[in-house]
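The structure appears right after this line, and notes come after that.
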Amino acid sequence: MIQMDWSNGLLQPGAEVLESVKTLGQLDGLFADAGAWRGMDLNTVVYRVQAWCPIADGTEGGLFWGNTVIEPGQVGAEYFMTHGHFHRQRDRAEYYATISGEGALILMDENRKTWMEAMRPGSVHFIPPHIGHRTANTGKAPLHFVACWPSDAGHDYELIRQKGFGARLLHVDGAAKLVTERA
Ligand code: PAN
Ligand code: ZN
């Protein structure tokens, strides 16, 4: 058992809770506007992740629990966002549930068809098998959400690192708009 603060999703640190922090500097190449990225303080924290892994990574039949906090911000017109990934075992699904803040869950199938679901306090999202997923903060406050995924899902970042998603979430005319990449 561990303790979670339901007001923000944060997990009590402990031996089974892994923590990571991603700064702008660690997200080189993620955002479309490289010039805007270079002009920013690269020590700026974009997001933090906690993962409670009560059994070994890769174990079939188990579950992991996580918490992600994405800071508000933009690189050029593009909202602060996570790397995004497919699960290494492509047929493994996941739940996300928003605690606070406003954002978007960006989803992509294996043919690069990309769409989004709005994230707001209380929204619960099912990420189907075979679907790449990334989240972005479209609001002015931190976006907090929790997640639950199979312990044998694994993470495949490589495909998305190389090719990105089929669309980017940009701030256009005062609103969040999913803009399809030109081929
Ligand atoms: C989440 C994500 C978390 C950070 O726990 O791992 O939000 O996103 P990236 O892993 O893409 O950097 C999840 O989807 N786990 O499977
Ligand atoms: Zn995932």
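Residue numbers for the sequence shown follow my numbering, beginning at 675 and rising by one.
Where is the CB? At the ideal position from N, CA and C, for every residue including glycine.
Predicted model, so just to flag it, every value in this text is computed and none were measured.
Any heavy atom of the ligand ZN closer than 6 Å to the Cβ of residue i?
i, result
"residue 726", "no"
"residue 791", "no"
"residue 855", "no"
"residue 768", "yes"
Quick one: what does DSSP say residue i is sitting in, helix, strand or coil?
i, result
"residue 835", "helix"
"residue 766", "coil"
"residue 822", "strand"
"residue 841", "strand"
Out of the options, point me to the one whose CA is closest to residue i's CA.
i, options, result
"residue 741", "830, 680, 732, 828", "680"
"residue 684", "839, 774, 732, 697", "774"
"residue 759", "735, 768, 718, 724", "768"
"residue 730", "788, 705, 692", "692"
"residue 842", "748, 721, 770, 676", "748"
"residue 736", "845, 745, 726, 744", "726"
"residue 763", "835, 826, 738", "826"
"residue 855", "801, 728, 806, 788", "788"
"residue 835", "851, 822, 806", "806"
Please tell me whether, using a cut-off of 6 Å, the distance from the CB of residue i to the nearest non-hydrogen atom of the ligand PAN is below it.
i, result
"residue 757", "yes"
"residue 739", "no"
"residue 742", "yes"
"residue 821", "yes"
"residue 720", "no"
"residue 635", "The chain is shown only over 675 to 857; residue 635 falls outside these bounds and no answer can be derived."
Going by the DSSP bridge assignment, what does residue i pair with across the sheet?
i, result
"residue 791", "779"
"residue 830", "760"
Query raised in the report: Mind pulling the alpha helix (DSSP H) runs of 4 or more residues that sit fully within the region 675–721?
Result: 708–712
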